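Per the working numbering, residue 306 is the first one in the sequence shown, and the count goes up by one each step.
Beta carbons: idealized from backbone N, C-alpha and C, even for Gly.
The model shown is predicted, which means the values in this text are computed figures rather than measured ones.
Working notes, structure below.
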Amino acid sequence: MKLSVRMVAVAAVLATAACAPQTSGNSSSDKDEKTGTLRVWLFQEVNNKPKEEVVDSVLAEFEKAHEGTDVTVEYIPVETRAQRIKAAFNDPESAPDLVEYGNTDTAGYVKDGGLADVTEEFTAWDEAKDTDPTARLSVTVGGKIYGAPYFVGVRALYYRTDVFEELGLDVPRTQAELISTAQQIRAAKPELYGIAVGGAYTYGAMPFIWAHGGELATGTGGSYAAAIDSAAARKGIEAYTSLFGDDNCPAAKCAAMTGNDTITAFAAGKAAMAIGGDFSHAAVEAGKVKGTYAVVPLPGLKPGSIAPAFAGGNNLGVLKSTTHRTLAVDLMKRLASKKAQGELFEAMGFLPTFSDVRQQVAAKEAFVKPFVETLAADTKFVPASPAWAQIDAGQVLPTMFQEVVSGRKDVATASADAAKKMNDAFGSVG
306 MKLSVRMVAV
316 AAVLATAACA
326 PQTSGNSSSD
336 KDEKTGTLRV
346 WLFQEVNNKP
356 KEEVVDSVLA
366 EFEKAHEGTD
376 VTVEYIPVET
386 RAQRIKAAFN
396 DPESAPDLVE
406 YGNTDTAGYV
416 KDGGLADVTE
426 EFTAWDEAKD
436 TDPTARLSVT
446 VGGKIYGAPY
456 FVGVRALYYR
466 TDVFEELGLD
476 VPRTQAELIS
486 TAQQIRAAKP
496 ELYGIAVGGA
506 YTYGAMPFIW
516 AHGGELATGT
526 GGSYAAAIDS
536 AAARKGIEAY
546 TSLFGDDNCP
556 AAKCAAMTGN
566 DTITAFAAGK
576 AAMAIGGDFS
586 HAAVEAGKVK
596 GTYAVVPLPG
606 LKPGSIAPAF
616 AGGNNLGVLK
626 STTHRTLAVD
636 LMKRLASKKA
646 QGELFEAMGF
656 LPTFSDVRQQ
666 VAAKEAFVKP
676 FVETLAADTK
686 FVPASPAWAQ
696 IDAGQVLPTM
706 FQEVVSGRKD
716 VATASADAAK
726 KMNDAFGSVG
């Protein structure tokens, strides 16, 4: 008898996860059962009900197509995902068959031996051909594919239309104009940040580095070397850190700010500009600036150019330990399908990973257009190395920015020190 989709008891799963070892010992299952129960872990969102409705619709069709199969879904907190998922890799009895994971986690999870190689199934999937290249890169390690992109997030420039109109300012077309415009606003309205920036806002700083021709690291096939101390990268660091000061966003207040902090400041009417994501739209709409702002792509160095943006987002992956591989892969494709991603956008505002679906949603929702333009122009991704988790958790890049804006180190010294820490991390994973 088919069972209804249901939530797994959180306490029971937490108990099994807590007992699991924290080092990888996972191996592939030799079973591929075509009936039974599939366990799925998806991320819990701030407002999760719309996501649940989209997922439930997919699961109803999946269960109808696979007689004798049912699905249990648990929505897990994003903050504890690393511990939960790594524990699952080592305890197949309590592990899900399919899991949602952050796209920067791919290489680390592959190194841990937890994700199944689905290259053959993904490349044979008709819809996969329309997956944008950066999203595809986010599920690829060593030339093999370990999941399906679920949604993508990208950042652009939010600005106050009322402030710009009052001061007679044009929207910045270059990063140089962005910096000078921010300073003009601060001079005219000292109660505002010209543009809210954060020393702990890594993904807001990256477009400045990339626009100047810099890279975080160079390498392929899992072997990387830091490039954050190159001449081009240093120019980008200088451009970003020049925004920290009394003439825009004082270092004493802004050095510790995160991306969320900058959006909070903008939404509260405390900044004339901010770098925010498509996923920031709801928060801004709920703030004081509702009706008095617009969004454009973050400019590059030349007029009309768009700075490369970090393509964030989430993926879906089949665990190597699953005893229902065929079913799990089919469910992965259904959840990550064009239809489901379109519905997820309608429900949550998450941008689809398919280029054609993005164009369709942009035609329906005006606020999406600058983000779609940014994705179409150029996007970048973090090094596909398990070392990135160490670099990110170790706050290597935020520390570098904060050392510069505080005056403790110059750009050359801070970037050289950051490069050493990055290379230590790259070396530690082989």
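As for any beta strand (DSSP E) of minimum length 3 sitting wholly inside the segment 580-659, the runs are 598-601, 617-623, ordered along the chain. Cβ neighbours of Gly609 within its own chain (closer than 6 Å, five residues either side excluded): none. DSSP, read as helix, strand or coil, puts Trp515 in helix. When the beta-carbon positions are compared, Gly519 and Ala538 come within less than 9 Å of each other. A direct Cα-to-Cα measurement between Ala561 and Thr340 gives close to 51 Å.
For Val673 against Asp534, the beta-carbon gap comes to about 36 Å, at or over 8 Å, which does not count as contact. Under the DSSP assignment, Arg460 falls in the beta strand (DSSP E) whose first and last residues are 460-465. For Asp722 and Ala531, the gap between their C-alpha atoms comes out near 11 Å. Distance from the CA of Tyr498 to the CA of Thr718, rounded to the nearest whole angstrom, comes to 28 Å. Under a 10 Å Cβ-count criterion, Ser690 is classified as buried, with 16 or more other Cβ atoms of the shown protein chains found around its own Cβ. Cβ neighbours of Arg639 within its own chain (closer than 6 Å, five residues either side excluded): Val363, Phe367.
According to DSSP, residue pairing for Arg344 in a beta bridge involves Thr377.
In this structure Asp337 is exposed. Its beta-carbon is surrounded by fewer than 16 other beta-carbon atoms within 10 angstroms. In the three-state reduction of the DSSP assignment, Lys449 falls in the strand class.
Between the beta-carbon of Glu358 and that of Ala652 there is about 7 Å, and that keeps the pair under the 8 Å contact cut. Taking C-beta separations shorter than 6 Å and ignoring five residues to either side along the sequence, the partners of Ala393 in its chain run Ala400, following chain order. Contact between the segment 467-480 and the segment 625-641 is absent: fewer than 3 CB-CB pairs across the two stretches fall below 8 Å. Between Val701 and Glu543 a beta carbon distance of about 18 Å is seen, past the 8 Å cut, so the two are scored as non-contacting. Residue state for Leu702 is assigned as helix, using DSSP reduced to three classes. A Cβ-Cβ contact shorter than 9 Å links Pro602 with Glu678.
In this model, Gly605 and Pro703 are separated by some 22 Å (Cα to Cα).
Annotation: the segment 506-566 contains the following complete segments of the alpha helix (DSSP H) (minimum length 4 residues), in chain order: 507-516, 536-546, 556-559. Shown here, Glu405 sits in a strand according to DSSP, grouped into three states.
Following the DSSP letters along the chain, one finds Leu483 inside the alpha helix (DSSP H) bounded by residues 480-493. For the set Phe348, Gly413, Ile390, Lys595, the Cα lying nearest the Cα of Ser733 is the one of Gly413. In the structure shown, Lys685 adopts extended strand secondary structure according to DSSP, grouped into three states. Within the same chain, Cβ atoms closer than 8 Å to the Cβ of Lys593 are found at Ala572, Ala573, Gly574, the five residues on either side in sequence being excluded. Between Thr546 and Ala505, the C-beta spacing is not below 9 Å. Looking at the DSSP output, Val457 sits in a beta bridge with Gly618, Leu656.
Secondary structure of Asp337 (DSSP, three-state): strand.
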